[in-house]
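Report on one structure; see the data block that follows.
Chains as they are written, first to last, in this note's numbering: chain A, 1 to 219; chain B, 1 to 263.
See the structure below:
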C-alpha cells in the first residue's frame, strides 16, 4: 500500500507543530515587510542621496535570489562577528526580500495619488506626518491591497527555503520525518496540502479585505 | 521680526522670478496687494498668472526675489542680519495666513464634505473635533450646502464640490484667499453658484482676495483692480472700468477682443 494511515496519524501532530513555525515565520516576516516596504518607498521618494541609496539597495535585494540572502545572513555574517539564530536569520531575509518588493508596490500606490491631493495638503498647512497618515496613505493603500496580498502568499510559499538553514518549518520537518522513516509520500503530501489550503484561505481573506475597502472608498 | 502694521500691503512680490529650465514664467515681477483688496489676474495661457498664486501658496520654489506676506518675508527669513531661504517652520507659519481654492477642487475623496472642512482645523489648528465640525457645518451652511455635509465628493456636482473646497479653505481662517480658475472645470450652468459664494465672501468679510479668472464679466464686477499678465510680466493694470473699457496696452486690447469674440 502506498499510503499508510497509521503513519499519517503518527506524523500529523509533528507536522502541525511545524506548521505553527511556518505560519509564525510568514506572519512575522510579512508584517515587517509591510512596514519596511513603506519606509523604503518613502525614503526612495524623498530623493537626493538617500533616495538614490535606497533605490540601489532595493535593486540589489530584488536582483539576487532569496536563498543566497538567507545563506549570506546565516553563514557569512558570523564571520563578521554577527551570529544569528536560524529562525531570526530566516525572518530577516524574508522580510528584507519582500520588503523591497512591497516598496515598489507602495511606490506605485503613492504615485497614483493625484498631485492635487498633495497640493491641497500644502495649502491647508498639514504637517508631513498628517498628510501621509490622514490624506495620502488612505488613498494610496486600498488599490494596492491585492498586490500586497499576492506577496503574502508568495512569501508563505517561500518559507520552505528556510529549511536550507535547518529551521524546523513544515518542509524541513517533513524531510526529517521522511528520512527517519524512509517514507516521504505521507509527510510531503500533507505538507503540500497544508500549503494549498492555507494559500487559498489567505487569498480569500485578501479578496474579502479588498471588497471591504472598495465599498468604503467608492460609495 | 514680525513688524506687521496695518499700512503695509498684505502681499508684496519684489522682483520675483520663476523659471522652468530655460523658460522664464515670471520675470522680475513686482506686485503689491493691499489689505482687503480684491485683485483679478487675467491674461493668455502661459502668461504666468497661475504661477503667481502657486508661488504665493508655496507650491513652487522661488528662483529670484522675495515674496512678503502681511509685512514679513515669506520666502526668506532674517538671520544674522542677512536674508536666508525660509525654513519649513517659518514657511508653515506664514503660509497659515493663506488659503487656496483650486481649479480641480482637490477635495479629499475619502472624506465627507464635513470631514474635508474639519480635517485641517483638527490636525493643524488643534481644535477639538466637535468644535471643528460645528464650524465646518456653519461654513457649509454659508456656501449653501448644509444638507450635503455627509456626502462624499463623488456624490456632489462640480459646483457643489467647489463650494465645499471654498468652505474647506475658509475653515483655516486665512487672511488671504487665492482662487485659481475656480470655475474653469465647471459646466457653464454651475459657475453661477460658485461665483455667488465668492461674491458673498467679498461683501461679508475683509479677506484679501487674489483670483486668476477667465470670467471677464465677474472680474469686472467684483475686482478692485485687474492685472493683465503677458509673458511673465504685468503688461497693464488698473481698475476694471478703465482696463476693460479703455485698455491702453496693445496686448490687452488684443486679448480682450479675442476673449469677447469667443463669448
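For each residue, glycine too, the CB sits at the ideal point set by N, CA and C.
{"Query": "Does DSSP classify residue 114/A as helix, strand or coil?", "Result": "coil"}
{"Query": "Step through the CB atoms of chain B and report whether any lies within less than 8 Å of the CB of residue 210/A.", "Result": "no"}
{"Query": "Using a C-beta cutoff of 8 Å, does residue 3/B count as contacting chain A?", "Result": "Confidence at residue 3/B is low in this model, with a pLDDT of 49, below 50, so the placement of that residue should be treated as unreliable; the coordinate-derived value is given next. No, its Cβ sits nowhere closer than 8 Å to a Cβ of chain A."}
{"Query": "Quick one: Cα of residue 183/A to Cα of residue 86/A, how far?", "Result": "26 Å"}
{"Query": "Using a Cβ-Cβ distance cut-off of 8 Å, determine whether residue 16/B contacts chain A.", "Result": "no"}
{"Query": "Would you mind working out which of 221/B, 214/B, 47/B sits nearest residue 200/B, comparing C-alpha positions?", "Result": "221/B"}
{"Query": "Would you say residue 126/A lies against chain B (beta-carbon separation less than 8 Å)?", "Result": "yes"}
{"Query": "Under 8 Å by Cβ, that's how I've got residue 234/B and residue 31/B pegged, so tell me the actual separation to the nearest angstrom.", "Result": "7 Å"}
{"Query": "What does residue 99/B reach in chain A if we use C-beta pairs closer than 9 Å?", "Result": "123, 124"}
{"Query": "Any chance the CB of residue 54/B is under 7 Å from a heavy atom of the ligand COA?", "Result": "The ligand COA is not part of this structure, which contains no ligands at all."}
{"Query": "Where does residue 266/B land, buried or exposed, given buried means 16+ other C-beta within 10 angstroms?", "Result": "Residue coverage of chain B in this structure runs from 1 to 263, which leaves residue 266/B outside it and unanswerable."}
{"Query": "Can you give me the Cβ contacts of residue 172/A inside the same chain, cut-off strictly under 8 Å, excluding the 5 residues immediately before and after it?", "Result": "18, 160, 162, 163, 166"}
{"Query": "What is the rounded straight-line gap between the Cα of residue 3/B and the Cα of residue 209/B?", "Result": "For residue 3/B, the pLDDT reaches just 49, beneath the cut-off of 50, and the residue's location in the model is therefore unreliable, leaving the point undetermined."}
{"Query": "At the 8 Å Cβ level, is residue 51/B part of the contact set with chain A, yes or no?", "Result": "no"}
{"Query": "Enumerate in chain order the residues of its own chain whose CB-to-CB distance from residue 223/B is below 7 Å, with the five nearest sequence positions on each side excluded.", "Result": "38, 39, 40, 240"}
{"Query": "Look at the Cβ atom of residue 55/B, then the Cβ atom of residue 180/B, and state whether they are nearer than 8 Å.", "Result": "no"}
{"Query": "Do you know how far the Cα of residue 180/A is from the Cα of residue 191/A?", "Result": "17 Å"}
{"Query": "What residue range does the beta strand (DSSP E) around residue 236/B cover?", "Result": "233 to 238"}
{"Query": "Where does residue 185/B sit, in a helix, a strand or coil, going by DSSP?", "Result": "coil"}
{"Query": "Assuming contact is defined by CB atoms lying nearer than 8 Å, are residue 113/B and residue 91/B in contact in what I supplied?", "Result": "no"}
{"Query": "Near residue 219/A, what residues of its chain come up, given a Cβ to Cβ distance below 7 Å and the 5 sequence neighbours on each side ignored?", "Result": "Low per-residue confidence applies at residue 219/A: pLDDT is 44, beneath 50, and the placement is therefore not dependable, though the value from the model is reported in the following sentence. Contacts found: none."}
{"Query": "Report the rounded CA-to-CA distance for residue 20/A versus residue 202/A, giving the unit in angstroms.", "Result": "15 Å"}
{"Query": "Determine whether the Cβ of residue 51/A lies closer than 8 Å to any Cβ atom of chain B.", "Result": "no"}
{"Query": "At a CB-CB cut-off below 8 Å, which residues of chain B make contact with residue 143/A?", "Result": "Here the premise fails: no neighbours, minimum Cβ distance about 12 Å."}
{"Query": "My assumption, with CB atoms under 8 Å, is that residue 91/A sits in contact with residue 28/A. Please give the rounded CB distance.", "Result": "6 Å"}
{"Query": "Where do the ends of the alpha helix (DSSP H) carrying residue 150/B lie?", "Result": "Element bounds for residue 150/B: n/a, residue is neither H nor E."}
{"Query": "Check the Cβ-Cβ distances between residue 130/A and every residue of chain B, and say whether any is below 8 Å.", "Result": "yes"}
{"Query": "Please confirm whether residue 177/A and residue 23/A have their CB atoms less than 8 Å apart.", "Result": "no"}
{"Query": "Quick one: complete alpha helix (DSSP H) runs, 4+ long, within the region 126 to 158 of chain A?", "Result": "137 to 140, 145 to 158"}
{"Query": "In chain order, what residues of the same chain lie with their CB nearer than 7 Å to the CB of residue 34/B, ignoring the 5 residues before and after it?", "Result": "9, 10"}
{"Query": "Classify residue 262/B: buried if its beta carbon has 16 or more other beta carbons within 10 angstroms, exposed otherwise.", "Result": "exposed"}
{"Query": "Along chain B, in chain order, which residues have C-beta atoms closer than 9 Å to that of residue 119/A?", "Result": "54, 57, 59, 100, 102, 106"}
{"Query": "Just to confirm, are residue 117/B and residue 154/B a CB contact at a threshold of 8 Å?", "Result": "no"}
{"Query": "Considering only the beta carbon of each residue, do residue 126/A and residue 45/A sit closer than 8 Å?", "Result": "no"}
{"Query": "Indicate whether at least one CB of chain A lies closer than 8 Å to the CB of residue 96/B.", "Result": "yes"}
{"Query": "Which complete alpha helix (DSSP H) runs does the region 5 to 80 of chain A hold, if anything under 4 residues is left out?", "Result": "5 to 45, 48 to 62, 66 to 71"}
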